[in-house]
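J.:
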DNA sequence: CGATAACTTGATGCCCCTCAACATCTGTGG
DNA sequence: CCACAGATGTTGAGGGGCATCAAGTTATCG
């Protein structure tokens with residue numbers, strides 16, 4: 170099984186993902202059951218209500234977590250960037266649909282075999298707990314955004330978040346403080362994530378451009394000359410990772 | 170250390186909490202380090218940014234998780250009912266303030282000792298992961314509410330959620346299908362949880378009373394004659410635990 | 001029983017949704 | 001290369017839901 174070991178050896182998220190908890194030897198047990206795969210943009214990875222047969226490491230690209238209401242309305246409840254973990258580590262059924270927002274490389278682990286490895290490797294389970302706790306933190310931050318921010322601040326916060334996560338996962342560019350990245354989302358998708366309509370999202374993009382907080386050479390290309398300015402517009406405390414501060418007032422327009 | 174064993178032996182959440190993963194013998198190791206304590210209503214349990222010195226089982230009462238913005242505005246990012254787990258199981262600092270909404274019985278575990286027990290008892294860590302995953306599910310459901318529901322549906326969903334969680338934790342009354350419980354929150358707190366103002370919350374209570382979906386003998390006492398009706402008003406699918414369905418249209422008023 | 005907090009209800013204004021028209025981008029086939 | 005169609009994005013006009021401001025009522029507690 171030489172090829173398999175090599176596979177993990179060249180994995181770009183070898184040390185950042187949950188696999189970072191394992192030594193090379195320990196990892197080989199996981200690599201035996203892993204199923205790397207490429208999923209094309211807009212293809213589903215699993216669906217809400219499906220049996221949770223696999224869980225995944227996201228190696229590259231972006232995955233959106235979607236809940237669909239009966240009337241067809243969609244809401245995006247989360248975004249997964251590398252090197253994050255995707256799916257239900259334990260148990261039963263998925264509670265949302267996971268869909269590739271871009272072309273995505275994922276590494277799948279069949280449930281039964283994965284749980285067996287977990288049993289034998291408490292360090293791995295610990296890592297999954299860490300990732301889940303962080304995900305929960307992000308989700309709670311997001312409820313704050315949805316509960317308390319204006320549309321302008323929401324779009325600003327969104328761009329700030331995407332900029333940071335894009336950079337951390339190795340894409341996008343940073344040149345003398347200027348951050349540049351490509352949005353892998355339509356206006357409608359952004360709206361579904363922010364609890365707004367696509368028209369409102371578009372208008373707030375225009376406002377951010379008008380105030381020179383961002384520039385957009387093309388409708389999906391974003392340039393942020395000063396991240397701190399963007400953070401201020403979005404009412405994000407520059408210090409933390411989405412902690413709030415400064416800027417009093419609810420709807421500063 | 171007979172007294173300590175007895176203490177856990179009479180614990181009302183012995184089998185529902187994370188401790189349910191352990192045999193009596195295994196539990197004794199935890200009981201040695203546990204610090205049961207009563208916290209009065211409106212008292213903080215820990216604060217945003219504090220070092221996470223302890224985590225807790227919530228034995229009775231309700232705990233609210235609060236983030237405070239710089240301008241003093243508050244947002245409630247979660248509610249913890251028995252037999253849930255409270256605090257950061259791993260690592261560093263709290264990311265929100267935990268405050269007793271009612272008088273609360275909690276069982277504290279000092280971090281260092283707790284992690285040692287975790288190390289020795291993978292089953293316990295597994296249980297914590299389960300609880301965290303469930304918490305994450307609830308949080309994602311909540312983002313859907315904040316992103317997509319009208320004020321009327323939000324208040325309805327809130328009452329539905331409180332009714333169920335109150336019942337499950339052993340309080341409240343259920344008599345021939347009629348559910349009855351006491352709200353441990355002010356209108357302002359409910360507003361902070363739902364991303365609304367207290368006036369709007371009050372108005373939606375009035376509307377729910379006017380349509381006879383609920384009755385309120387006193388401003389904190391709620392009677393729900395038919396939970397299914399409430400669920401429909403709140404646009405909650407009766408089948409699941411907060412899954413959505415039926416009722417098309419975004420703002421049915 | 002007086003003081004304060006909690007709650008209710010009304011009037012007004014604004015943010016964002018809705019509906020609509022138009023512009024721009026993308027890809028396909030003649 | 002251009003024509004064309006469909007998807008995506010932008011901008012405007014109008015209306016409604018919720019915030020804001022304000023006043024009055026009820027509950028809570030020393």
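Residue numbers (our numbering), protein chains in the order written: chain A, 170 to 422; chain B, 170 to 422.
Positions of the beta carbon are idealized from the N, C-alpha and C atoms, including for glycine.
As an exercise, report each continuous beta strand (DSSP E) stretch of at least 3 residues that is fully enclosed by the segment 235 to 294 of chain A, in chain order.
T.: 243 to 249, 266 to 269 and 273 to 279, all fully within the segment 235 to 294 of chain A.
J.: Is DSSP giving residue 403 of chain B helix, strand or coil here?
T.: Three-state result, residue 403 of chain B: coil.
J.: Would you call the CB atoms of residue 386 of chain A and residue 347 of chain A closer than 7 Å?
T.: It is not a contact, given that the beta carbons lie outside the stated cut-off.
J.: Closest to residue 221 of chain B by CA distance: which of B:194, B:231, B:265 and B:212 is it?
T.: For residue 221 of chain B, the nearest C-alpha among the options comes from B:265.
J.: Is the beta carbon of residue 236 of chain A less than 7 Å from the beta carbon of residue 268 of chain A?
T.: For residue 236 of chain A and residue 268 of chain A, no; Cβs fall outside 7 Å.
J.: Please report the residue range of the beta strand (DSSP E) in which residue 139 of chain A lies.
T.: Any question about residue 139 of chain A goes unanswered here, given that chain A covers just 170 to 422.
J.: Residues of chain A with a CB under 8 Å from the CB of residue 344 of chain B: which are they?
T.: Within chain A, no residue comes near residue 344 of chain B; the closest Cβ sits about 32 Å away, beyond 8 Å.
J.: Counting only beta-carbon atoms, is residue 180 of chain A nearer than 7 Å to chain B?
T.: Not an interface residue.
J.: Which residues mark the beginning and the end of the beta strand (DSSP E) in which residue 229 of chain B is found?
T.: Note, residue 229 of chain B: beta strand (DSSP E), 223 to 229.
J.: Counting pairs of Cβ atoms below 8 Å between the segment 278 to 289 of chain B and the segment 311 to 331 of chain B, do you hit three or more?
T.: No contact exists between the segment 278 to 289 of chain B and the segment 311 to 331 of chain B.
J.: For residue 177 of chain A and residue 200 of chain A, which I take to be in contact (beta-carbon distance under 8 Å), what is that distance rounded to the nearest angstrom?
T.: The pair is a contact, with the Cβ atoms about 5 Å apart (cut-off 8 Å).
J.: What distance in whole Å lies between the Cβ atoms of residue 301 of chain A and residue 302 of chain B, which are believed to be in contact at a cut-off of 8 Å?
T.: That pair is a contact at about 6 Å.
J.: To the nearest angstrom, how far is it from the Cα of residue 392 of chain A to the Cα of residue 337 of chain A?
T.: Taking the straight line joining both Cα atoms gives about 16 Å.
J.: Taking the alpha carbon of residue 230 of chain A as the reference point, which residue from A:263, A:242, A:212 and A:295 has its own alpha carbon closest?
T.: Comparing Cα-Cα distances from residue 230 of chain A to each of A:263, A:242, A:212 and A:295, the minimum goes to A:212.
J.: Could you check what DSSP says for residue 214 of chain B in three-state terms: helix, strand or coil?
T.: Here residue 214 of chain B sits in strand by DSSP.
J.: Under the three-state reduction of DSSP, which class applies to residue 420 of chain B: helix, strand or coil?
T.: Unreliable positioning characterises residue 420 of chain B in this predicted model, as indicated by a pLDDT of 35, which lies under 50. The coordinate reading is nonetheless provided below. Coil at residue 420 of chain B, not helix or strand.
J.: For a contact defined as C-beta to C-beta under 8 Å, what are the partners of residue 244 of chain A on chain B?
T.: Per Cβ cutoff of 8 Å: 312, 313, 316 and 317.
J.: Taking its Cβ as the centre, do 16 or more other Cβ atoms sit within 10 Å of residue 192 of chain A, making it buried, or is it exposed?
T.: With fewer than 16 other Cβ atoms within 10 Å, it is exposed.
J.: Quick check on this structure: which residue in A:288, A:390 and A:378 has the alpha carbon closest to the alpha carbon of residue 342 of chain A?
T.: For the residues A:288, A:390 and A:378, the minimum Cα distance to residue 342 of chain A belongs to A:390.
J.: Chain A beta carbons: is any one of them nearer than 7 Å to that of residue 236 of chain B?
T.: Interface residue, yes.
J.: Please report the straight-line C-alpha distance between residue 357 of chain A and residue 366 of chain A, rounded to a whole angstrom.
T.: Their backbone Cα atoms lie some 7 Å apart in a straight line.
J.: So what does DSSP say about residue 219 of chain B, is it helix, strand or coil?
T.: Reduced to three states, the DSSP call for residue 219 of chain B is coil.
J.: Compute the distance between the beta-carbons of residue 204 of chain B and residue 277 of chain B, then report whether it is under 7 Å.
T.: Closer than 7 Å, so yes.
J.: Any beta-carbon of chain A closer than 7 Å to the one on residue 325 of chain B?
T.: No, no contact with chain A.
J.: When burial is assigned at 16 or more other CB atoms within 10 Å of the CB, is residue 194 of chain B buried or exposed?
T.: Under this definition residue 194 of chain B is an exposed residue.
J.: Alpha carbons only, please: which of A:226, A:210 and A:207 is nearest the one belonging to residue 182 of chain A?
T.: Cα-wise, what sits closest to residue 182 of chain A is A:226.
J.: What residue from A:188, A:219 and A:238 has the CA that sits closest to residue 254 of chain A's CA?
T.: With distances taken between Cα atoms, residue 254 of chain A lies closest to A:188.
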